[in-house]
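One structure below.
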Amino acid sequence: MIREEGRGQATSLIPASEAARTSGYPGIEAKMQPSSPTPDIVTIGILALQGAFAEHQVMLQKASLKRRVVIVLVRQQEDLDKCDALIIPGGESTTIALLARLAGLLEPIREFLKTKPVWGTCAGAILLSRSVEGAKKGGQELLGGISITIERNGFGSQVESFEAPLEVESLREANRPFHGIFIRAPVVIGLNPSPTDPPIQIISRISASLLPTSQTAVPLDEDDTDPRDSRTIVALRQGLHLLTTFHPELTKDDRFHEYFVRECVLPTLSSRSSSPA
Amino acid sequence: MTTPVQGQTPVSTPPVTHGVGNPAGTPVVAPTRSKTQDGAGGSLGTFGVKSGLAQMLKGGVIMDVVNAEQARIAEEAGACAVMALERVPADIRATGGVARMSDPHMIKEIVDAVTIPVMAKVRIGHFVEAQILQAIGIDYIDESEVLTPADDEHHINKHAFKVPFVCGARNLGEALRRISEGAAFIRTKGEAGTGNVVEAVRHQRAVMSEIRKASVMSEEELYAYAKDIQAPFHLLKETARLKRLPVVNFAAGGIATPADAALMMQLGCDGVFVGSGIFKSGDPAKRARAIVQSVTHYNNAKLLAEISEDLGPAMVGLNIDKNLQGGHLADRGW
Numbered sequence: 008m009i010r011e012e013g014r015g016q017a018t019s020l021i022p023a024s025e026a027a028r029t030s031g032y033p034g035i036e037a038k039m040q041p042s043s044p045t046p047d048i049v050t051i052g053i054l055a056l057q058g059a060f061a062e063h064q065v066m067l068q069k070a071s072l073k074r075r076v077v078i079v080l081v082r083q084q085e086d087l088d089k090c091d092a093l094i095i096p097g098g099e100s101t102t103i104a105l106l107a108r109l110a111g112l113l114e115p116i117r118e119f120l121k122t123k124p125v126w127g128t129c130a131g132a133i134l135l136s137r138s139v140e141g142a143k144k145g146g147q148e149l150l151g152g153i154s155i156t157i158e159r160n161g162f163g164s165q166v167e168s169f170e171a172p173l174e175v176e177s178l179r180e181a182n183r184p185f186h187g188i189f190i191r192a193p194v195v196i197g198l199n200p201s202p203t204d205p206p207i208q209i210i211s212r213i214s215a216s217l218l219p220t221s222q223t224a225v226p227l228d229e230d231d232t233d234p235r236d237s238r239t240i241v242a243l244r245q246g247l248h249l250l251t252t253f254h255p256e257l258t259k260d261d262r263f264h265e266y267f268v269r270e271c272v273l274p275t276l277s278s279r280s281s282s283p284a
Numbered sequence: 004m005t006t007p008v009q010g011q012t013p014v015s016t017p018p019v020t021h022g023v024g025n026p027a028g029t030p031v032v033a034p035t036r037s038k039t040q041d042g043a044g045g046s047l048g049t050f051g052v053k054s055g056l057a058q059m060l061k062g063g064v065i066m067d068v069v070n071a072e073q074a075r076i077a078e079e080a081g082a083c084a085v086m087a088l089e090r091v092p093a094d095i096r097a098t099g100g101v102a103r104m105s106d107p108h109m110i111k112e113i114v115d116a117v118t119i120p121v122m123a124k125v126r127i128g129h130f131v132e133a134q135i136l137q138a139i140g141i142d143y144i145d146e147s148e149v150l151t152p153a154d155d156e157h158h159i160n161k162h163a164f165k166v167p168f169v170c171g172a173r174n175l176g177e178a179l180r181r182i183s184e185g186a187a188f189i190r191t192k193g194e195a196g197t198g199n200v201v202e203a204v205r206h207q208r209a210v211m212s213e214i215r216k217a218s219v220m221s222e223e224e225l226y227a228y229a230k231d232i233q234a235p236f237h238l239l240k241e242t243a244r245l246k247r248l249p250v251v252n253f254a255a256g257g258i259a260t261p262a263d264a265a266l267m268m269q270l271g272c273d274g275v276f277v278g279s280g281i282f283k284s285g286d287p288a289k290r291a292r293a294i295v296q297s298v299t300h301y302n303n304a305k306l307l308a309e310i311s312e313d314l315g316p317a318m319v320g321l322n323i324d325k326n327l328q329g330g331h332l333a334d335r336g337w
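Respectively, the protein sequence lines represent chains A and B. For the first sequence, counting from 1, position 212 maps to 219 in the numbering used here; every step adds exactly one. For the second sequence, counting from 1, position 54 maps to 57 in the numbering used here; every step adds exactly one.
As structure tokens, then:
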């Protein structure tokens, strides 16, 4: 069920005229297809209930993207209804979930997840997971959408927060490491897609030496088809959705934002606009 | 002073591109000053992860709690973090005496009770209390004027710790002095335990007004202004360029109602601390939740009206004058 990113992707939205410019990007040039008519504007919502939403906003405004992006700060359902895609920022997952429920956004976002791309960073990654370990007493509400189990504060308290370079081969300029900032970060402790779920693509892993010692002592899952420990996964995709346990919005590097728009958001727009024709 | 952490170096402030010029509609965010590292190893306790945690708390409410039960109420009400302390500021004011760091056992009980970050207070300048809190794995330390100062001249060298610090400030100079000592997070120094927001408003307005002034100054004027407000020049210059403090800035002191919290947000704060205002009120759980909502929807007056309904009695407020019981805490800090 699990395959590494960069092989067998369905479509690319890079117009053929730009082939020369993009041919330096690994994994893309082999998948060129004639471009289909796509809307010029893409509306990306950022869930703005609590946390680092302004950082995502700044990053999207600065990012070099192939479409004009309109940013909507989502606090109510009418904001969400305008969006082609949604980013759930870092923050406190319990706080964001409560505010989403009080604002009547939980069910609308769950519906949104069925048809539109969503990217969760850190707390957003927890909310996108189907189940969570280390939830607050009495459990906590999740949005679901990605069939993994995630452990909150998997590395420990703030004194265990760290920065580490990441190798991400599907980003542009992939030979330049991406600077990962992990703050009370969650840890992916199990991949459990059902046969009907889209496959999970692993986008990036950290070096196993960075895992907390208490974590590495745990043996690998018996049924984990991946030869390596799921705990080293720090970025993954399933279907339309992207999940990162670290904070690209805290860097000055826009490559993950560009990746989300290019790989997750634009393909859904082209299929929508081309399917009636 | 001994350095409890190996391999820590003071963090310099590289040029920052975020928010420069602030075109309309662009939010201005405190930049992350992460340490770029080569090689495979990770790095713990960088200024990037310290200020980054504060960025994750933005738009949230940090609540004072004195035991695990209150901490659970705060978590259920949507607090983004809790501040563990033995007595809320209103009680410190009423009982007097020397206020110190809380019992580590009590703090650990609170850490075990909740999943959100736990902060705790140390006395100004008391770096051993800070070493103890770092050793028990606390998430953030407040070097706080609410406790009795342990040093009447020096603050803690906060660069020497892996755990991040928040400090209070009444004006821009004080804020930048704290940041230069390593604080990754700044808050106003409203009079704690009074339920009176006037001092927090004064501090926030002072900081914003000084930033606006600095933002139109020439470099020569900035040199003179740095001297005048006793701030390090490089931090003042960065602040002038960003048109905001270079770290996250919360309101603290005297916030008792959802309207108080929304007021501080509209004055430019990134979030709020609520001390005595919750557990000294008639219905703590309901008021706590209302304040959490008011910080998210601070610009939506219609929603604020709904949120503010039927919260029961707020904490009793105190007038801030020369007869204030417990004295003026904001004057502590140098």
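Here a beta-carbon is modelled for each residue, glycine too, at the ideal position from N, C-alpha and C. Model, not experiment: these values are computed from the prediction.
With DSSP run on the structure shown, which of helix, strand or coil describes residue i?
{"i": "residue 145 of chain B", "result": "strand"}
{"i": "residue 82 of chain A", "result": "coil"}
{"i": "residue 60 of chain A", "result": "helix"}
{"i": "residue 264 of chain A", "result": "helix"}
{"i": "residue 170 of chain B", "result": "strand"}
{"i": "residue 164 of chain B", "result": "coil"}
{"i": "residue 162 of chain A", "result": "coil"}
{"i": "residue 266 of chain B", "result": "helix"}
{"i": "residue 324 of chain B", "result": "coil"}
{"i": "residue 186 of chain A", "result": "strand"}
{"i": "residue 172 of chain A", "result": "strand"}
{"i": "residue 342 of chain B", "result": "A query on residue 342 of chain B cannot be resolved here, the shown segment of chain B reaching from 4 to 337 and no further."}
{"i": "residue 220 of chain B", "result": "coil"}
{"i": "residue 269 of chain A", "result": "helix"}
{"i": "residue 237 of chain B", "result": "helix"}
{"i": "residue 39 of chain B", "result": "With a pLDDT of 42 at residue 39 of chain B, under the threshold of 50, the predicted position of this residue should be treated as unreliable, though the coordinate-derived value follows. Coil at residue 39 of chain B, not helix or strand."}
{"i": "residue 253 of chain A", "result": "coil"}
{"i": "residue 23 of chain B", "result": "With a pLDDT of only 33 at residue 23 of chain B, under 50, the local geometry of the prediction cannot be trusted, and the value read off the model is given with reservation. Of the three classes helix, strand and coil, the one that applies to residue 23 of chain B here is coil, per DSSP."}
{"i": "residue 248 of chain A", "result": "strand"}
{"i": "residue 154 of chain A", "result": "strand"}
{"i": "residue 211 of chain A", "result": "strand"}
{"i": "residue 72 of chain B", "result": "helix"}
{"i": "residue 11 of chain B", "result": "For residue 11 of chain B, the predicted structure reports a pLDDT of 44, less than 50, and the residue's modelled location is therefore unreliable. A value from the coordinates is still provided. DSSP places residue 11 of chain B in coil when its eight states are reduced to three."}
{"i": "residue 54 of chain A", "result": "strand"}
{"i": "residue 183 of chain B", "result": "helix"}
{"i": "residue 46 of chain B", "result": "strand"}
Can you tell which of the options has its C-alpha closest to the C-alpha of residue i?
{"i": "residue 187 of chain A", "options": "A/105, A/241, A/160", "result": "A/241"}
{"i": "residue 304 of chain A", "options": "A/176, A/76, A/138", "result": "The requested residue 304 of chain A does not occur in the structure, where chain A is confined to residues 8 to 284."}
{"i": "residue 48 of chain A", "options": "A/110, A/92, A/248, A/133", "result": "A/92"}
{"i": "residue 80 of chain B", "options": "A/147, A/96, A/51", "result": "A/147"}
{"i": "residue 34 of chain B", "options": "A/254, A/248, A/125", "result": "A/254"}
{"i": "residue 262 of chain A", "options": "A/212, A/217, A/184", "result": "A/184"}
{"i": "residue 208 of chain B", "options": "B/149, B/270, B/285", "result": "B/270"}
{"i": "residue 182 of chain B", "options": "B/140, B/113, B/252, B/126", "result": "B/252"}
{"i": "residue 179 of chain B", "options": "B/94, B/248, B/224", "result": "B/248"}
{"i": "residue 277 of chain A", "options": "A/103, A/264, A/74, A/152", "result": "A/74"}
{"i": "residue 206 of chain A", "options": "A/153, A/181, A/237", "result": "A/153"}
{"i": "residue 60 of chain A", "options": "A/121, A/99, A/149", "result": "A/99"}
{"i": "residue 177 of chain B", "options": "B/166, B/167, B/189", "result": "B/189"}
{"i": "residue 334 of chain B", "options": "B/192, B/71, B/324", "result": "B/192"}
{"i": "residue 162 of chain B", "options": "B/171, B/240, B/78, B/144", "result": "B/144"}
Would you please state the rounded distance, in angstroms, between the beta carbons of residue i and residue j? I believe it to be under 8 angstroms.
{"i": "residue 104 of chain B", "j": "residue 124 of chain B", "result": "7 angstroms"}
{"i": "residue 158 of chain B", "j": "residue 184 of chain B", "result": "5 angstroms"}
{"i": "residue 119 of chain B", "j": "residue 175 of chain B", "result": "30 angstroms between Cβ atoms; not a contact."}
{"i": "residue 164 of chain B", "j": "residue 133 of chain B", "result": "6 angstroms"}
{"i": "residue 121 of chain B", "j": "residue 142 of chain B", "result": "5 angstroms"}
{"i": "residue 52 of chain B", "j": "residue 85 of chain B", "result": "About 20 angstroms; that fails the 8 angstroms criterion."}
{"i": "residue 192 of chain A", "j": "residue 252 of chain A", "result": "5 angstroms"}
{"i": "residue 329 of chain B", "j": "residue 99 of chain B", "result": "7 angstroms"}
{"i": "residue 267 of chain B", "j": "residue 254 of chain B", "result": "3 angstroms"}
Less than 6 angstroms between the CB of residue i and some heavy atom of the ligand COA, yes or no?
{"i": "residue 159 of chain B", "result": "You won't find the ligand COA in this model; it holds no ligand whatsoever."}
task = Assess, as a yes-or-no matter, whether the segment 272-281 of chain B is touched by the segment 303-312 of chain B under the definition of 3 or more beta carbon pairs within less than 8 angstroms.
result = Taking a cut-off of 8 angstroms on C-beta distances, the segment 303-312 of chain B does not touch the segment 272-281 of chain B, as fewer than three cross pairs fall below it.
message = Contact between the segment 286-295 of chain B and the segment 58-71 of chain B is defined here as three or more beta-carbon pairs at a separation below 8 angstroms; is this criterion met?
response = When Cβ pairs closer than 8 angstroms are counted between the two stretches, the segment 286-295 of chain B is seen to touch the segment 58-71 of chain B, the count reaching three or more.
Touch test, the segment 82-92 of chain A against the segment 112-125 of chain A, Cβ-Cβ under 8 angstroms, three pairs minimum = Segments in contact, yes.
request  = Write down every uninterrupted run of the beta strand (DSSP E) in the segment 102-131 of chain B whose length is 3 residues or greater and which is fully enclosed by it, in chain order.
outcome  = Taking only runs of at least 3 residues, the beta strand (DSSP E) segments lying wholly in the segment 102-131 of chain B are 121-126.
task = Count the CB pairs spanning the segment 126-135 of chain A and the segment 152-163 of chain A that are closer than 8 angstroms, and state whether there are at least three.
result = Yes, the segment 126-135 of chain A is in contact with the segment 152-163 of chain A.
ask   = Would the segment 49-69 of chain A and the segment 241-252 of chain A be scored as touching if the rule is three or more Cβ pairs under 8 angstroms?
value = No: the two stretches stay apart, fewer than three of their Cβ pairs being nearer than 8 angstroms.
inquiry  = Counting beta carbon pairs with one atom in the segment 189-203 of chain B and one in the segment 220-230 of chain B, are three or more of them shorter than 8 angstroms?
reply    = Three or more Cβ pairs closer than 8 angstroms define a contact, and the segment 220-230 of chain B falls short of that threshold against the segment 189-203 of chain B.
Whole runs of the alpha helix (DSSP H) within the segment 111-142 of chain A, excluding any shorter than 4 residues = Runs of the alpha helix (DSSP H) lying entirely within the segment 111-142 of chain A and spanning at least 4 residues, in chain order: 113-122, 130-135.
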